[in-house]
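Enquirer: Before I ask anything, let me first share the structure, which is written out below as structure tokens.
Protein chains: 2
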Amino acid sequence: MFKELNPLLHSELRLAIISLLISLEEADFIYIKQQTGATAGNLSIQIEKLRTAGYIDVIKSFKGKMPCTTCKITAQGITAFEDYVEAIKSYINK
Amino acid sequence: MFKELNPLLHSELRLAIISLLISLEEADFIYIKQQTGATAGNLSIQIEKLRTAGYIDVIKSFKGKMPCTTCKITAQGITAFEDYVEAIKSYINK
DNA sequence: ATAAGTAGTTTATAAAATAAACCAAATAAT
DNA sequence: ATTATTTGGTTTATTTTATAAACTACTTAT
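Protein chains in written order, with my numbering: chain A, -18 to 75; chain B, -18 to 75.
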């Protein structure tokens, strides 16, 4: 009947992050912050959760003298997103 | 970019309840419990939240000698669900 | 030097979901 | 008839999650 919704992706901000990274393949902290409208603190935490789950890779570097955190979706992340999309459809297409 | 996800509907169980009621127009507590696999306690709470929001009507009656709680979606609930479906699409159709 | 801004992280608080315990009545077993 | 057991829930308590606020470290401008 209803498929299970992966709780890691069933979060407005984390879903937005993954959705962004699916189409972009790579995006930095500031860009994600702008696109999602999230606060830095919340974004920092949700990125870390996605990283711990193996859904994204996080690369910390410097852009000039400023630190720059870049995120990239992993193969596991792509699969998880695709599964989530299938699952949510079981709720919205009756 | 990303549309806001109504937090009342962005909950696995509440979304399942509303999704059921969209297609059925009416369902009782036991049936919803079976279809969603929710525990009675959790279901009781989530039904009350949907009722308070005006998304469903809850009618308490007796079926023979047993109490029976029947739920029915409201016009407001239908609109909220339709809006939610539009919003979630902004995350899953890139 | 001092103030203000950038790019984050950490800690604390509020909100949500879930589980466990409970209640009242009905039915089944001894 | 009295003691379980089940049904149909509600209430309370605990855990998890999300959000906001405070903080760190460094940079740029005054």
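Don't be surprised by glycine CBs; every beta carbon is placed ideally from N, CA and C.
#1: Can you give me the start and stop residues for the beta strand (DSSP E) that Ser(-8)/A sits inside?
#2: Since Thr51/B sits in a beta bridge, which residues does DSSP pair it with?
#3: Excluding the 5 residues flanking Lys14/B on each side, which residues of the same chain have their C-beta closer than 6 Å to its C-beta?
#4: Does the beta carbon of Glu7/A sit closer than 8 Å to a beta carbon anywhere in chain B?
#5: Can you name the start and end residues of the alpha helix (DSSP H) that Leu(-14)/B belongs to?
#6: Between Ile(-1)/B and Ile54/B, which are expected to be in contact by the criterion C-beta below 8 Å, what is the C-beta distance as a whole number of angstroms?
#7: What is the residue span of the alpha helix (DSSP H) that Thr20/B lies within?
#8: Tell me whether Gly58/A sits in a helix, a strand or coil according to DSSP, three-state version.
#9: Please report the distance separating the alpha-carbon of Cys52/B from that of Ser42/B.
Expert: In short, the structure shows the following:
#1: Premise fails: Ser(-8)/A is in no beta strand (DSSP E) and is neither H nor E.
#2: Asp9/B and Ile40/B
#3: Leu24
#4: no
#5: Leu(-14)/B -> no alpha helix (DSSP H), and no H or E assigned at all.
#6: 7 Å
#7: Segment: none, Thr20/B is in no alpha helix (DSSP H) and carries neither H nor E.
#8: helix
#9: 11 Å
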